[in-house]
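All the letters of the sequence shown, read from the start, carry residue numbers 435 to 588 under our numbering.
A virtual CB, placed ideally from N, CA and C, is assigned to each residue, including glycine.
Before any comments, here is the structure.
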Amino acid sequence: MWKDKLEKIKTEFEKDFGFIFNNPASDNEISKLEINFFKKFKVKLPSQYLEFLKYINGIEFDGFIIFSIDKDMLDNDINQQVKGIIDFNEILYENEFNKDYIFLADRDISWYVYNIKDKNFNILDKPSGEVMETYNDFYSILDSVLEEYIENNL
């Protein structure tokens with residue numbers, strides 16, 4: 435399960451580097467994000483992504499970033515400054531092709547997205563934009579990334 439894997443990584447980072455990950459987003463912050471995202475992009479964020487934010491408001495480690503709630507919607511400061519999901523999608527939506535997706539996470543050579551039309555989750559190759567992998571849910575992508583990190587680093 436992704437939560438167990440994330441806890442293992444958090445424990446190691448705190449022990450080895452004294453690094454503290456972000457706290458969960460509040461219900462008020464989630465609500466502000468949902469409203470503002472829908473106003474800007476006319477699409478709802480995937481529920482599993484929102485649930486993830488209730489566990490940890492964005493994360494960045496080993497070149498992998500899951501976007502947080504944008505700074506202007508936060509009620510409190512966060513420990514780790516992570517790219518905001520609205521700001522990031524705004525930049526990528528300048529390209530018409532990218533409007534088929536909600537960009538949820540970023541990695542060195544990949545984007546992790548929600549495919550709006552197909553209602554599934556994809557890993558896209560950054561240079562080409564081609565779909566490399568498809569998942570039915572956000573948690574499966576998250577679990578895969580965390581497992582890869584644990585296998586290679588812990």
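Euclidean distance between Cα positions of residue i and residue j
i           : j           : result
residue 517 : residue 495 : 13 angstroms
residue 537 : residue 508 : 20 angstroms
residue 473 : residue 466 : 11 angstroms
residue 462 : residue 524 : 22 angstroms
residue 469 : residue 493 : 22 angstroms
residue 580 : residue 480 : 20 angstroms
residue 577 : residue 528 : 30 angstroms
residue 478 : residue 552 : 14 angstroms
residue 539 : residue 571 : 14 angstroms
residue 445 : residue 534 : 36 angstroms
residue 447 : residue 453 : 6 angstroms
residue 436 : residue 485 : 12 angstroms
Secondary structure of residue i, DSSP reduced to three states
i           : result
residue 507 : helix
residue 543 : coil
residue 579 : helix
residue 525 : helix
residue 532 : helix
residue 574 : helix
residue 537 : strand
residue 479 : coil
residue 558 : strand
Option nearest residue i by Cα separation, candidates the options
i           : options               : result
residue 459 : 483, 441, 475 and 579 : 483
residue 513 : 447, 457 and 446      : 457
residue 475 : 561, 526, 544 and 586 : 526
residue 545 : 506, 573, 511 and 501 : 501
Beta-carbon gap between residue i and residue j smaller than 8 angstroms
i           : j           : result
residue 520 : residue 471 : yes
residue 547 : residue 555 : yes
residue 497 : residue 542 : yes
residue 490 : residue 455 : yes
residue 522 : residue 563 : no
residue 449 : residue 588 : no
residue 575 : residue 569 : yes
Nearest-angstrom beta carbon gap, residue j and residue i [assumed within contact, 8 angstroms]
i           : j           : result
residue 440 : residue 464 : Not confirmed; about 18 angstroms, so no contact.
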